[in-house]
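Trainee: This is the structure I have questions about; it appears just below.
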Amino acid sequence: MFSPANEYGFTAVPASAQDLITNTPYPASTVSPTPIPETPLAQRINDFDNETFLLACLLHDIGNTEASITATRLSFEFFGGVLALRVLQNNTHEDEDEANVGVHVRERGSPSGLRARDGPA
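For any residue, its number in the working numbering is found by taking its place in the sequence shown, counting from 1, and adding 2.
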């Protein structure tokens, strides 16, 4: 039986949202009341499709596992993009796949690596 956890190096974590909230040094906050600046970059980031953003967060470190780092000479960002594309190709739309690959390839610790579904590459 195919297991993404085994195939792609995911680690199962306890599914207790309460533990995640109570064991953090910072109080939980929601994103919605946060004011969005009027700069073009901030507006572009705010226009993300929620599913694209969720998948990018979920697959963010997929290329940073020990197995991935030793499997290629590509940087973990580029190889992470390749792995994310492999994971997503069977279950999502092509533009969703490509948006997430773009996140991994261009992400260098900054939100500017993210791309809206219909935004410029």
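Idealized CB from N, CA, C, for every residue including glycine.
Is Pro37 helix, strand or coil when you go by DSSP?
Mentor: Counting from 1 along the sequence shown, the entry for residue 37 is found at position 35. Three-state DSSP puts Pro37 in coil, outside helix and strand.
Trainee: For the alpha helix (DSSP H) that Leu56 lies in, which residues bound it at each end?
Mentor: Translated into positions along the sequence shown, residue 56 becomes position 54. First-last of the alpha helix (DSSP H) with Leu56: Asn52 to Leu60.
Trainee: Measuring only the C-alpha atoms, how far is Leu60 from Leu90?
Mentor: Along the sequence shown, one-based indexing puts residue 60 at 58. Along the sequence shown, one-based indexing puts residue 90 at 88. Using only the alpha carbons, I get a separation of about 11 Å.
Trainee: Identify which residue in Asn92, Gln45 and Phe80 has its Cα closest to the Cα of Gly65.
Mentor: The residue given as residue 65 occupies position 63 in the sequence shown. Among Asn92, Gln45 and Phe80, the Cα nearest to that of Gly65 is on Phe80.
Trainee: So, with DSSP's three-state summary, where would you put Gly121?
Mentor: By 1-based counting over the sequence shown, the position of residue 121 is 119. Confidence at Gly121 is low in this model, with a pLDDT of 43, below 50, so the placement of that residue should be treated as unreliable; the coordinate-derived value is given next. The answer is coil: DSSP assigns Gly121 none of H, G, I, E or B.
Trainee: Output needed for Ile71: all residues of its chain with C-beta closer than 7 Å, excluding positions within five of it in sequence on either side, in chain order.
Mentor: Within the sequence shown, the letter at position 69 stands for residue 71. Closer than 7 Å at the Cβ level, and outside the excluded window around Ile71, lie Phe78.
Trainee: Suppose you measure from the CA of Thr74 to the CA of His62; what does that come to, to the nearest Å?
Mentor: Taking the first residue of the sequence shown as position 1, residue 74 is located at position 72. Taking the first residue of the sequence shown as position 1, residue 62 is located at position 60. C-alpha separation (whole angstroms): 18 Å.
Trainee: Less than 8 Å between the CB atoms is what I'm expecting for Asp99 and Leu87, so what's the real figure, rounded?
Mentor: The residue given as residue 99 occupies position 97 in the sequence shown. The residue given as residue 87 occupies position 85 in the sequence shown. Contact holds; Cβ gap of about 6 Å.
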